[in-house]
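**Student:**
Numbering (the UniProt record's numbering), first residue to last: 1 to 298.
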């Protein structure tokens, strides 16, 4: 009976992800239209981001402009990497790691942005001199260690020691991935603490929707992808030759991610296409310690 069951399994379901040419050859008219539309979305996201970079570089002062450029690039970079992963399934591990490394830096940059909106570290510390913040350098540690662990994973993969589908206790993935998960959680803690203490004073610069977009990218790029991968590993997502179950799950994740990041790119473009000038005055409410900002719509 077991042999009969094995004969019903398509050999393609047990193979590694197909090459790019194999993906192209098996596409029908609907597939070409779908891939074309998703590729166009990725290109538009990237072009809008590049145009936004030029605008921010010209209009905003340093160092705020570099911080905002980093944060604005989260959705376009993830969409671009997802597009590469969609066309080249065997590169999904590398494209995902690139996106995750970039977003690890964004987590730290969001923390920096909220401080810079107060005029920098010195003014921020002066304004909250009598208050206690239980934060650490976890966000910066995450940005550094995530990159280091991604490079280590690639090195181990080239030697055949790293496999995302290997969930055995002796596998390296079962040790590296949970550690990255712990780093992610600890890095979100200081960002959340700063946001909870500053969002009331930064409402005029739309810090709440900006923070919401950052959180949404986090959920979609990390949690959503993990759920899809788990469903694929369990066989809940069936294989679709020439894709195995895990490869097909990754493909669905890339396609969904492109559409989501395209929408987020449009929203963040509207939120950040503004300039903020700090009023040159020392008068501020002692009770609320509120910084006055002038917002100029473009």
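Heads up, the beta-carbon is just placed ideally off N, CA and C, and yes, glycines get one too. Only a predicted model underlies this, so the values are computations on that prediction, with no experimental measurement involved.
Going by CA-CA distance only, name the one from 140, 86, 52 that's closest to residue 107.
**Tutor:** The shortest Cα separation from residue 107 among 140, 86, 52 belongs to 140.
**Student:** Three-state secondary structure (DSSP) at residue 128?
**Tutor:** Three-state result, residue 128: coil.
**Student:** Here's a check: name, in chain order, each residue in its chain whose Cβ is nearer than 7 Å to the Cβ of residue 146, leaving out the five neighbours to either side.
**Tutor:** Correct list, in chain order: 100, 101, 104, 180, 183.
**Student:** By how many angstroms is the C-alpha of residue 80 removed from the C-alpha of residue 111?
**Tutor:** Going by the C-alpha atoms only, they are around 25 Å apart.
**Student:** State the start and end residues of the unbroken alpha helix (DSSP H) segment that holds residue 250.
**Tutor:** Start and end: 245 to 272.
**Student:** Looking at C-alpha atoms only, which residue of 158, 177, 129 is the closest neighbour of residue 149?
**Tutor:** When each option's Cα is compared against that of residue 149, the closest is 177.
**Student:** DSSP has residue 240 in a bridge; who is on the other side?
**Tutor:** Residue 240 pairs with 243.
**Student:** Work out the CA separation of residue 120 and residue 63 for me, nearest whole Å.
**Tutor:** Their backbone Cα atoms lie some 9 Å apart in a straight line.
**Student:** Taking the beta carbon of residue 77 as the centre, do at least 16 other beta carbons fall within 10 Å, making it buried, or is it exposed?
**Tutor:** Burial call: buried.
**Student:** Would the beta-carbon of residue 114 fall within 8 Å of that of residue 194?
**Tutor:** Against a cut-off of 8 Å, the Cβ pair of residue 194 and residue 114 comes out as a contact.
**Student:** What three-state label does DSSP hand residue 88 in the structure shown?
**Tutor:** In this structure, residue 88 counts as coil in the three-state DSSP scheme.
**Student:** Do residue 82 and residue 254 count as a contact pair if the criterion is CB distance below 8 Å?
**Tutor:** Yes, Cβ-Cβ distance for residue 254 and residue 82 is below 8 Å.
**Student:** Straight-line CA distance for residue 242 to residue 173?
**Tutor:** So the two alpha carbons sit approximately 25 Å from each other.
**Student:** Three-state secondary structure (DSSP) at residue 150?
**Tutor:** Here residue 150 sits in helix by DSSP.
**Student:** Run the CB neighbour count on residue 116, radius 10 Å, all protein chains shown included, and call it buried at 16 or more, exposed below.
**Tutor:** With 16 or more other Cβ atoms within 10 Å, it is buried.
**Student:** Identify which residue in 23, 212, 84, 143 has its Cα closest to the Cα of residue 185.
**Tutor:** Among 23, 212, 84, 143, the Cα nearest to that of residue 185 belongs to 143.
**Student:** What runs of the alpha helix (DSSP H), each 4 residues or longer, lie entirely inside the region 21 to 108?
**Tutor:** Here the runs fully enclosed are 29 to 59, 64 to 72, 74 to 87.
**Student:** To the nearest angstrom, how far is the alpha carbon of residue 20 from that of residue 198?
**Tutor:** Distance between the alpha carbons of residue 20 and residue 198: 48 Å.
**Student:** Straight-line CA distance for residue 232 to residue 204?
**Tutor:** Spanning the two alpha carbons is a distance of roughly 44 Å.
**Student:** Within 10 Å of its beta-carbon, does residue 202 have 16 or more other beta-carbons around it, so buried, or fewer, so exposed?
**Tutor:** Label assigned to residue 202: buried.
**Student:** In three-state DSSP terms, what is residue 178?
**Tutor:** Helix, per DSSP.
**Student:** Tell me whether residue 164 sits in a helix, a strand or coil according to DSSP, three-state version.
**Tutor:** Residue 164 falls in the coil class under three-state DSSP.
**Student:** If you scan the region 172 to 225 from start to end, which runs of the alpha helix (DSSP H) of 4 or more residues do you find wholly inside it?
**Tutor:** The qualifying runs are 173 to 198, 207 to 218.
**Student:** Hey, how far is the Cα of residue 161 from the Cα of residue 153?
**Tutor:** Cα to Cα, the separation comes out at about 9 Å.
**Student:** For the region 27 to 36 against the region 47 to 64, do three or more pairs of beta-carbon atoms, one drawn from each stretch, fall closer than 8 Å, so that the two count as touching?
**Tutor:** Segments in contact, no.
**Student:** Out of curiosity, what's the CA-to-CA distance linking residue 200 and residue 248?
**Tutor:** Spanning the two alpha carbons is a distance of roughly 44 Å.
**Student:** Is it buried or exposed for residue 238, if we count other Cβ within 10 angstroms and need 16 for buried?
**Tutor:** Residue 238 is exposed by the Cβ-count criterion.
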